[in-house]
Amino acid sequence: MSLSRNKRISSSSTVRSSGGSRRLSSFIPAQGGFSGVSLSSSSLYAGTNGHHQGLGASLTSLSVNKSLLAPLNLEIDPNLSMSRAHEKEQIKSLNNRFASFIDKVRFLEQQNKMLETKLELLQGQGVTRSNVEPLFEAYMAGLRRQMDLVNNDKTKLDGELRNMQGLVEDYKHKYEEEINKRNNLENDFVILKKDVDSAYLVKADLEDKVGALTDEINFLRNIYEEELRELAASIKDTSVVVQMDNSRSLNMEQIVAEVKAQYEEIAARSREEAEAWYKNKFDQMSVQASQFGDELRIVKGEVAEVNRLISRLQSEIEAVKAQRAGLENQLAEAEERGEMAVKEAKARTRDLEDALQRAKQDMARQLREYQDLMNLKLALDIEIATYRKLLEGEEDSDGRFKFNCTAQFLPDNGTTLTVLGRKFKFLLKCTKVQNY
């Protein structure tokens with residue numbers, strides 16, 4: 016059974032000598048890098064004068080009698096046939112699993128043989144030191160330094176970003192406090208405006224009352240003067256008709272004097288009563304007017320105080336608005352600076368990450384190339400060792416000579432060797448040296 020589960024790298028070359036022609040085939044699996052060297056499952060022959068030796072043994076294949084898997088035609092219960100069909104399917108799956116296990120065992124045996132061959136070759140080859148590892152270590156050290164610098168810059172930028180965010184939060188809190196103060200002042204202003212409006216309405220009402228009382232006083236004064244004039248006119252124009260009894264002698268002057276005295280007394284009493292009533296009324300109106308005047312002066316003082324408070328609040332509001340505008344500008348500038356710093360940091364981080372990714376890709380590519388070269392070197396060493404053994408066994412069976420074999424890569428002609436999908440051409444040169 017051939018190695019069908021692994022990709023194989025085959026190289027073949029022909030060595031001609033006086034004894035005849037021999038063909039050598041070596042197989043190098045490419046799964047997971049170079050894992051070993053395997054000979055084909057048929058044989059590797061090196062013939063000398065018609066004689067051949069076989070390296071390896073053919074593997075027996077597993078045969079399955081398919082006639083045993085054919086269903087039997089029995090007229091029985093359908094459920095029994097279904098159970099038997101199910102059992103057949105289970106037997107088939109078990110046979111398939113058994114066959115896969117056998118394949119795995121054979122594959123592991125072949126892998127064991129390949130690893131043993133590789134171990135023998137490596138033990139005979141010796142340890143070779145490569146100068147590639149220091150280069151990679153230096154390159155990785157440089158990348159680590161760059162990564163440390165990037166991490167330091169990132170830490171610094173994160174600190175600056177946190178500071179800027181703290182400043183922004185402080186400005187936001189101050190702005191919110193100023194907004195709350197402004198709202199409170201606006202509410203106080205609205206309340207004071209309502210008080211001013213009510214005071215102005217009270218003032219207007221009192222002024223209307225004062226005007227009404229003044230008009231009433233003037234009206235009553237005019238009525239009083241008119242009544243006095245009418246009373247004087249009525250007293251002046253009063254005529255007394257007296258029937259005289261001629262049979263008697265009357266003292267008319269005395270009677271007229273008495274009547275006149277009575278009317279004068281009545282007029283004086285009426286005048287006094289009217290003057291007393293108007294005086295009392297005037298005193299009451301004067302008291303009310305003085306009270307209204309005091310209230311008006313108080314209201315005027317309150318209105319003036321409210322006007323001064325309104326002016327002061329307006330000036331404070333203007334100052335708060337200016338401070339708010341300044342804080343908004345500072346906040347916008349701080350946010351812009353913070354966004355620019357974050358963008359620059361992100362751009363720089365992306366550039367460094369891209370550079371690091373490219374460096375990793377370059378390092379991985381160089382590692383793959385190095386692995387390919389090591390695989391190629393190992394394949395060539397195996398090829399050279401095999402040819403050396405064949406030549407030594409053919410030409411110098413008594414051990415008097417030894418062969419120094421070298422491989423030279425050529426661009427045009429030579430033997431083709433395929434390693435991991437890449438083809439290389441080389442020419443194998445062997446020189447016979449006498450062994451002293």
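Each residue of the sequence shown is one higher than the last, beginning at 16 in this note's numbering. Even for Gly, the Cβ is constructed at its ideal location relative to N, Cα and C.
Return yes when the Cβ of residue j is within less than 8 Å of the Cβ of residue i, no when it is not.
i	j	result
F297	V225	no
L176	V357	yes
L228	E310	no
L207	I332	no
L346	V183	yes
F204	L328	yes
E193	Q338	yes
A276	Y239	no
K196	V302	no
D168	R365	no
A360	L172	yes
L246	S305	no
L382	K189	no
Counting C-beta neighbours from all protein chains within 10 Å, is the total for residue i 16 or more, i.e. buried, or is it exposed?
i	result
M355	exposed
M97	exposed
Q105	exposed
Q125	buried
L391	buried
Suppose the cutoff is 8 Å on Cβ atoms and the five residues either side in sequence are ignored; what does the same chain contact list for residue i look like?
i	result
A214	V314, E317, V318 and V321
L136	V52, L393, D396, I397 and A400
R535	As shown, the chain starts at 16 and ends at 451. That puts residue 535 outside it, with no answer to give.
A370	Q161
R352	M179
K187	L346
Q372	none
E201	I332
Q269	none
L243	R286 and A289
A349	M179, L182, V183 and Y186
Assign residue i to one of three DSSP states: helix, strand, or coil.
i	result
S40	Note on S40: pLDDT 34, under 50, position unreliable in the model; no value is reported.
G47	Per-residue confidence for G47 stands at a pLDDT of 36, beneath the threshold of 50, marking its modelled position as unreliable; the derived number appears in the next sentence. G47 falls in the coil class under three-state DSSP.
S28	Here the model assigns S28 a pLDDT of 36, short of 50, so the residue's position is not dependable, and the following value carries that caveat. Three-state DSSP puts S28 in a strand.
V52	The predicted model places V52 with a pLDDT of 34, which falls under 50 and marks its position as unreliable, so this point remains unresolved.
Could you name the residues of the same chain whose beta carbon sits closer than 7 Å to that of residue i, not counting the 5 residues immediately before and after it, in chain order?
i	result
V217	V314
M300	L228 and I232
F234	none
Check whether the Cβ of residue i sits closer than 7 Å to any heavy atom of the ligand ATP, and report yes or no.
i	result
M129	In terms of ligand content, the structure shown is empty, and the ligand ATP therefore cannot be addressed.
Quick one: what's got a C-beta closer than 6 Å to residue i's C-beta in the same chain, skipping five residues either side?
i	result
M378	none
V165	L367
S108	none
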